[in-house]
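K.L.:
Please see the structure below; I have some questions.
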């Protein structure tokens with residue numbers, strides 16, 4: 148006897164198919180929104196460094212190569228500052244207004260780092276034998292002040308500068324040496340103080356060294 152009461156099979160649910168479609172379309176939708184609706188904050192930030200990255204990075208040369216000396220004539224090795232972020236400027240001892248501006252930018256950028264302030268130090272490389280005023284020394288107390296031969300120093304900081312133009316080339320930029328002893332960033336002449344400070348803050352915040 149044939150059973151005429153068989154229940155017809157239930158139709159398959161399309162929910163799994165819907166979820167698969169959603170999963171496939173989600174990246175496309177997110178990319179569309181990120182591109183056309185930047186206010187949503189979905190667009191990834193590009194390279195926002197204010198300073199110029201030095202590629203390839205240059206390792207600190209040996210102490211005898213740079214020949215740096217303290218103000219009382221004692222040899223000084225920049226290698227001794229490894230483990231800290233080193234903010235560097237270079238200029239003549241008379242320290243004209245452009246020199247003062249660089250010292251001011253680096254001092255304030257350093258002082259504004261809050262709990263990270265001990266991770267940095269500042270160095271001013273003086274490229275002649277001119278006396279340095281007590282006013283400058285007092286205003287920028289805490290900066291390590293060293294005498295440097297401009298030609299030797301330019302070979303490291305501004306390669307390509309000729310001997311006659313070495314001091315002038317050194318007087319324009321500012322630099323950062325990382326805690327591993329690599330020269331890694333150069334800031335341009337007439338740098339914007341706020342941009343330098345923000346750049347350094349971002350660098351220190353994102354770094355796990357130093």
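Numbering (my numbering), first residue to last: 148 to 357. Even glycine gets a Cβ: it sits at the ideal position worked out from N, Cα and C. Because the structure is a prediction, the values reported are computed rather than measured.
Would you say residue 261 lies against chain C (beta-carbon separation less than 9 Å)?
P.N.:
The chain inventory of the structure shown lacks chain C, comprising one protein chain alone.
K.L.:
Taking the alpha carbon of residue 204 as the reference point, which residue from 354, 351, 323 has its own alpha carbon closest?
P.N.:
Its Cα nearest to that of residue 204, the residue 323 stands out among 354, 351, 323.
K.L.:
Just how far apart, CA to CA, sit residue 274 and residue 261?
P.N.:
31 Å
K.L.:
So the alpha helix (DSSP H) residue 286 belongs to, where does it begin and stop?
P.N.:
For residue 286, the enclosing alpha helix (DSSP H) stretches over residues 281-286.
K.L.:
How is residue 161 classed by DSSP in three states: helix, strand or coil?
P.N.:
coil
K.L.:
Could you tell me which residues DSSP pairs with residue 232 in its beta bridges?
P.N.:
Beta bridge pairing from DSSP links residue 232 with 267.
K.L.:
In its own chain, which residues sit with a C-beta less than 8 Å from the C-beta of residue 353, not counting the 5 before and 5 after it?
P.N.:
none
K.L.:
Between 225, 161, 218, 232, which lies nearest to residue 346 when the distance is taken from Cα to Cα?
P.N.:
232
K.L.:
Using 8 Å as the threshold, is the segment 238-247 in touch with the segment 199-214, meaning 3 or more CB pairs across them?
P.N.:
no
K.L.:
So, residue 124 versus residue 216, is the Cβ gap smaller than 9 Å?
P.N.:
There is no way to answer for residue 124, as the model of the chain reaches only from 148 to 357.
K.L.:
Buried or exposed for residue 250, going by 16 or more other Cβ atoms inside 10 Å?
P.N.:
With 16 or more Cβ atoms within 10 Å of its Cβ, residue 250 is classed as buried.
K.L.:
Nearest CA to the CA of residue 297: which residue from 332, 169, 236, 351?
P.N.:
236
K.L.:
With a 10 Å radius around its C-beta and 16 neighbouring C-beta atoms as the bar for buried, classify residue 171 as buried or exposed.
P.N.:
By the beta-carbon neighbour count (other beta carbons within 10 angstroms, threshold 16), residue 171 is exposed.
K.L.:
Measure the C-alpha to C-alpha separation of residue 253 and residue 328 and round it to an integer number of angstroms.
P.N.:
Between the alpha carbons of residue 253 and residue 328 lies a gap of roughly 18 Å.
K.L.:
To the nearest angstrom, how far is the alpha carbon of residue 348 from that of residue 163?
P.N.:
For residue 348 and residue 163, the gap between their C-alpha atoms comes out near 48 Å.
K.L.:
Check whether the Cβ atoms of residue 321 and residue 341 lie closer than 9 Å to each other.
P.N.:
no
K.L.:
Determine the extent of the alpha helix (DSSP H) in which residue 215 is found, giving its start and end residues.
P.N.:
Element bounds for residue 215: n/a, residue is neither H nor E.
K.L.:
Let me know the secondary structure DSSP gives residue 346 once reduced to three states.
P.N.:
If DSSP states are grouped into helix, strand and coil, residue 346 belongs with the helices.
K.L.:
Does residue 264 pass the burial test, meaning 16 or more other C-beta atoms within 10 Å, or should it be called exposed?
P.N.:
exposed
K.L.:
Are residue 295 and residue 200 close, meaning C-beta to C-beta below 9 Å?
P.N.:
no
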